[in-house]
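Protein chains in written order, with the numbering used here: chain A, 1393 to 1502; chain B, 147 to 259.
Below you'll find the structure, written out as structure tokens, and then a few comments.
What follows is the structure in structure tokens.
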């Protein structure tokens, strides 16, 4: 089975901090994605990557950046965390037909 | 813009009955549509994919239909069990063959014993 591992289940950060969310996959999938999930808004795409060092903006990229230096690792960066970035963050890969999601990181910005 | 809607936020049914969840979409003709299950505090888990040229797909107690004329997919769980209680998300692909998913907001299914 494909495994997508997100480094932290829960994080609490202060406003203005730079935050790194890490995602690692153990298959050779090229496509990786970062979503955030909020009640009433569902899943929204932040950024995605089709290959190493490639990145594309999703629907809500503002306030975020990403890094893909190695195929298996896709990092989401909050340059200066704000309270409206409190959310559940989900990483996913695409291989075959369906997406495989990580367990998520619940980030709280105080 | 593409829009995908799941008709109800919550659905409560009795154990043993068939649960039917609805997903409607507008402004797009997706090549395929996917269904996911999500448990509280976890990421979605892929269940089934159905292509535009497929009318129906089955997997154990799950059945998905796809009506491109109505722009609708139905997701059925037969002989439902309390363990089926979860949020179910539909998703369609846009933006090409390696396109991204747009998700519905989900329907929370509760199966009562």
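We put the beta carbon where it would ideally sit given N, CA and C, even for glycine.
Since residue 177(B) contacts residue 198(B) with CB under 8 Å, what's their CB separation in whole angstroms?
-> Indexing the second chain from 1 puts residue 177(B) at position 31. Indexing the second chain from 1 puts residue 198(B) at position 52. Yes, residue 177(B) and residue 198(B) are in contact; Cβ-Cβ is about 6 Å, under 8 Å.
For residue 196(B), count neighbouring C-beta atoms within 10 Å of its own C-beta (all shown protein chains included) and say buried if the count is 16 or more, exposed if not.
-> Translated into positions along the second chain, residue 196(B) becomes position 50. By the neighbour-count rule (16 or more Cβ atoms within 10 Å), residue 196(B) is buried.
My understanding is that residue 1453(A) touches residue 1439(A), with C-beta atoms under 8 Å, so please give their C-beta distance in whole angstroms.
-> Walking along the first chain from the start, residue 1453(A) turns up at place 61. Walking along the first chain from the start, residue 1439(A) turns up at place 47. Indeed, because the Cβ distance is near 6 Å, the residues count as touching under 8 Å.
Does any CB atom of chain A fall closer than 7 Å to the CB of residue 189(B)?
-> Position 43 of the second chain, counted from the start, is the residue given in the question as residue 189(B). Chain A, which has a Cβ nearer than 7 Å to the Cβ of residue 189(B), makes this yes.
Determine the contact status of residue 210(B) and residue 221(B), defining contact as a CB-CB distance below 7 Å.
-> Locating residue 210(B) in the second chain gives position 64, where the first residue counts as 1. Locating residue 221(B) in the second chain gives position 75, where the first residue counts as 1. Yes; because the gap between Cβ atoms is below 7 Å, this pair is in contact.
Considering only residues of the region 219-243 of chain B, which uninterrupted beta strand (DSSP E) runs meet the minimum length of 3 residues and lie entirely inside it, listed in chain order?
-> 232-240
Cβ-based burial, residue 1456(A) [other Cβ within 10 Å; buried from 16] = For the purposes of this step, residue 1456(A) is taken as the residue at position 64 of the first chain. Result: buried.
For the beta strand (DSSP E) holding residue 204(B), just list the boundary residues, first then last.
-> Stepping through the second chain from its first residue, residue 204(B) is reached at position 58. Unbroken beta strand (DSSP E) run through residue 204(B): 202-205.
Buried/exposed call for residue 1446(A), threshold 16 Cβ in 10 Å = Residue 1446(A) sits at position 54 when you count from the first residue of the first chain. With fewer than 16 other Cβ atoms within 10 Å, it is exposed.
Contact set between residue 195(B) and chain A, taken where Cβ atoms lie within less than 7 Å = Here residue 195(B) refers to the residue found at position 49 of the second chain. Within 7 Å Cβ-Cβ: 1489 and 1490.
Any idea if residue 143(B) is buried or exposed, counting beta-carbon neighbours within 10 angstroms, 16 or more meaning buried?
-> Residue 143(B) cannot be examined here, being either before or after the span of chain B that is shown, 147 to 259.
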